[in-house]
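In our numbering, the protein residues as written are 1270 to 1799.
The beta-carbon is built from N, C-alpha and C at its ideal position, and this holds for glycine as well.
Below is one structure, written out as structure tokens; the observations come after it.
This is the structure we're talking about:
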């Protein structure tokens, strides 16, 4: 009897022990759910956690997230690659994208999985402190595979070719160009429930490698505000295309093999310059590029008319800037057309001067769209001013905004390229008075701000510059506060009808602004070095 009681008690104890264990196990799963360890592109965490992981679907571990691949491509290309090589020139912008394929190989759903694209210099130092370019939060059902994309990310080669910057939104990282090459790596950091582990950094599948080969053109005029146009011919559609983007010399035929580089043509401006207007083009339904010069402050309103008349298949864009009328050292450029053999449509071409236009007419049966030139082009690059170099004393660059009738003065040489590119309403109008880029003994900062009148206001006084302004003033450059040897006065002038300020390049310029444009003198703003 005693022996039977002992057996019965043992069985009861065993049943209770198993029950408690099951209850504890159930609570454990309910409280903690699925845990996903951090991983990089191509690596696996949990049940198959070797660097790169396994593709075996038999695993049933609760934390078994694997990133199958991580690849990149130049935006516009077709295929994603584990290693991408891009040839770029100084001051070039291009875009890249990355693609990651992630699989949940467990039997449990993964909720609120955080996927971050990050960028780093080296492929052996990946961690969660690397610059984040993009992020997303997704649910991954058990056994499912998802594909995520980083989206368009900009790469910019600096104007001196010494660095490249990878940026997306407010996030950016800069890399050095060494011996004409810069390399960076894009990888994926996957996190869930606060886990920030970074797994193996040695597997090649964990990242996409991007190599940028920086090409510095031999042309000493590359940094000029103008360039020779490159002419391409499409042997399938019988169409011509002109561009001032030197990268198209290599990239266009590579991307579209039917476009064949023919030769350099006339000279055009790469951005707004005083007296120039934009030249628009578009790809038409007749499979050719048509061109139109739209001048005047309402030019942008006529884009729809040009697009309709040319039967454009997309919104017209600015290819370069040209003179609308004849200037010294310029030559005429005609828009010409030739009927295609297989249809009633036309192949449009721009001549390289009057002699070339006559040759196109007499030899290739092109006809003039209009007897008058479409625009006028500089005869050589030698008549085009080069970009100002930043030194101790520089000439300020003056920009004009035709919408607000406002002027902007800058000593940053990059603005001559970047300002019109970012805000097309600002046109470069040449240089003005001289200024110091850094403070010298005897000079004071000149503050600038954007006023409520829609114009830039400059002053030696921060508090005065702040008046009527929509933002805090910043230091634009440095000048002398009073007269002295080698200095000339710069006057602040006000136009009451337009309600805009302008700053003279000396007394003669101030008097001309008063006499010819109705400005009023508001005293001497500062003294500039001569």
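Residues near residue 1420 by beta carbon distance below 8 Å, same chain, minus five either side: For this step, residue 1420 is matched to residue 151 along the chain shown. Non-local C-beta neighbours of residue 1420 in its own chain, meaning closer than 8 Å and more than five positions away in sequence, comprise 1366, 1403 and 1437, ordered along the chain.
In whole angstroms, what separates the C-alpha of residue 1574 from that of residue 1527? The sequence position of residue 1574 within the chain shown is 305, counting from 1. The sequence position of residue 1527 within the chain shown is 258, counting from 1. Going from the Cα of residue 1574 to the Cα of residue 1527 covers about 30 Å.
The alpha helix (DSSP H) spanning residue 1788 covers which residue range? Within the chain shown, the letter at position 519 stands for residue 1788. Careful: residue 1788 lies outside any alpha helix (DSSP H) and carries neither H nor E.
I'd like to check one pair, residue 1619 with residue 1535: are the Cβ atoms closer than 9 Å? Taking the first residue of the chain shown as 1, we reach residue 1535 at position 266. Taking the first residue of the chain shown as 1, we reach residue 1619 at position 350. At a Cβ-Cβ threshold of 9 Å, residue 1535 and residue 1619 count as neighbours.
Does DSSP put residue 1632 in a helix, a strand or coil? Against the chain shown, residue 1632 aligns to sequence position 363. The three-state reading of DSSP puts residue 1632 in helix, counting H, G and I together.
If the criterion is Cβ atoms closer than 9 Å, does the pair residue 1610 and residue 1507 meet it? One-based indexing of the chain shown puts residue 1610 at position 341. One-based indexing of the chain shown puts residue 1507 at position 238. The answer is yes: Cβ separation under 9 Å.
Same chain only: Cβ atoms within 8 Å of residue 1615, ignoring 5 sequence neighbours per side: Within the chain shown, numbered from 1, the residue matching residue 1615 stands at position 346. Contacts found: 1555, 1557, 1606, 1607, 1608 and 1609.
Kindly indicate the opening and closing residues of the alpha helix (DSSP H) around residue 1579. In the chain shown, the residue the question calls residue 1579 occupies position 310. Start and end: 1572-1579.
Are at least three pairs of beta-carbons, each pair with one atom in the stretch 1690-1707 and one in the stretch 1722-1734, less than 8 Å apart? With fewer than three CB-CB distances shorter than 8 Å, the stretch 1690-1707 does not count as touching the stretch 1722-1734.
At the level of alpha carbons, what is the spacing between residue 1384 and residue 1375? Sequence index remark: in the chain shown, residue 1384 carries index 115 (1-based). Sequence index remark: in the chain shown, residue 1375 carries index 106 (1-based). Going by the C-alpha atoms only, they are around 18 Å apart.
Identify whether residue 1561 lies in helix, strand or coil by the three-state DSSP scheme. Here residue 1561 is taken as the residue at index 292 of the chain shown, counted from 1. Residue 1561: strand per DSSP, three-state reduction.
Nearest candidate by alpha-carbon position, reference residue 1550, set 1522, 1604 and 1746: Working through the chain shown from its first residue, we reach residue 1550 at position 281. Comparing alpha carbon positions, the residue from 1522, 1604 and 1746 closest to residue 1550 is 1604.
Given residue 1786, which residues of its chain have a CB within under 6 Å of its CB, disregarding the five upstream and five downstream residues? Here the question's residue 1786 lines up with position 517 in the chain shown. Closer than 6 Å at Cβ, skipping near neighbours: no residue.
If you draw a straight line from the C-alpha of residue 1533 to the C-alpha of residue 1730, how long is it? Working through the chain shown from its first residue, we reach residue 1533 at position 264. Working through the chain shown from its first residue, we reach residue 1730 at position 461. Rounded to the nearest angstrom, the two C-alpha atoms are 51 Å apart.
Per-residue burial, residue 1458 [other beta carbons within 10 Å of its own, 16 or more giving buried]: Sequence index remark: in the chain shown, residue 1458 carries index 189 (1-based). Around the beta carbon of residue 1458, 16 or more other beta carbons lie within 10 angstroms, which makes this residue buried.
Can you tell me whether DSSP reads residue 1735 as helix, strand or coil? Here the question's residue 1735 lines up with position 466 in the chain shown. Here residue 1735 carries a helix assignment [DSSP, helix/strand/coil].
Leaving aside the five residues before and after residue 1675 along the sequence, list all residues of the same chain whose C-beta is less than 7 Å from its C-beta, in chain order. Counting from one through the chain shown, the residue named residue 1675 turns up at place 406. The beta carbon of residue 1675 sits closer than 7 Å to the beta carbons of 1723, 1724, 1725 and 1769 from its chain, once the five residues preceding and following it are set aside; these are given in chain order.
Would you call residue 1774 buried or exposed, if buried means 16 or more other Cβ atoms sit within 10 Å of its Cβ? Looking up residue 1774 in the chain shown gives position 505. Residue 1774 comes out buried.
Buried or exposed: which applies to residue 1691, given that a residue is buried once 16 or more other Cβ atoms fall within 10 Å of its Cβ? For the purposes of this step, residue 1691 is taken as residue 422 along the chain shown, with counting starting at 1. Under this definition residue 1691 is an exposed residue.
Closest by C-alpha distance to residue 1753, when choosing among 1745, 1799 and 1679: Position 484 of the chain shown, counted from the start, is the residue given in the question as residue 1753. If we check each option's Cα against that of residue 1753, 1799 comes out closest.
Among 1638, 1602, 1639 and 1641, nearest to residue 1624 - alpha-carbon criterion: Mapped onto the chain shown, residue 1624 falls at position 355. Of the candidates 1638, 1602, 1639 and 1641, the one whose C-alpha sits nearest the C-alpha of residue 1624 is 1602.
By a C-beta neighbour count over all protein chains shown, 10 Å radius and 16 as the cutoff for buried, is residue 1794 buried or exposed? In the chain shown, residue 1794 corresponds to position 525, counting from 1. It counts as buried.
Who does residue 1404 pair with in a DSSP beta bridge? Against the chain shown, residue 1404 aligns to sequence position 135. For residue 1404, which the question treats as bridged, DSSP gives the partners 1385.
Neighbourhood of residue 1766 by C-beta, 8 Å cutoff - its chain only, sequence neighbours within 5 removed: Indexing the chain shown from 1 puts residue 1766 at position 497. Around residue 1766: 1787.
With distances taken from CA atoms, which of 1358, 1543 and 1578 is nearest residue 1427? Sequence index remark: in the chain shown, residue 1427 carries index 158 (1-based). When C-alpha distances from residue 1427 are compared across 1358, 1543 and 1578, the shortest belongs to 1358.
Report, in whole angstroms, the separation of the C-beta atoms of residue 1373 and residue 1412, which I expect to be a contact under 8 Å. Looking up residue 1373 in the chain shown gives position 104. Looking up residue 1412 in the chain shown gives position 143. The Cβ separation is near 7 Å, so the contact holds.
Looking at the unbroken beta strand (DSSP E) that takes in residue 1670, where does it start and where does it end? The residue given as residue 1670 occupies position 401 in the chain shown. 1662-1670 is the span of the beta strand (DSSP E), which, as asked, contains residue 1670.
Among 1764, 1762, 1751 and 1780, whose alpha-carbon lies nearest the alpha-carbon of residue 1797? Numbered from 1 along the chain shown, position 528 holds the residue referred to as residue 1797. Closest in C-alpha terms to residue 1797, from the list 1764, 1762, 1751 and 1780, comes 1751.
Straight-line CA distance for residue 1517 to residue 1445? Mapped onto the chain shown, residue 1517 falls at position 248. Mapped onto the chain shown, residue 1445 falls at position 176. Taking the straight line joining both Cα atoms gives about 24 Å.
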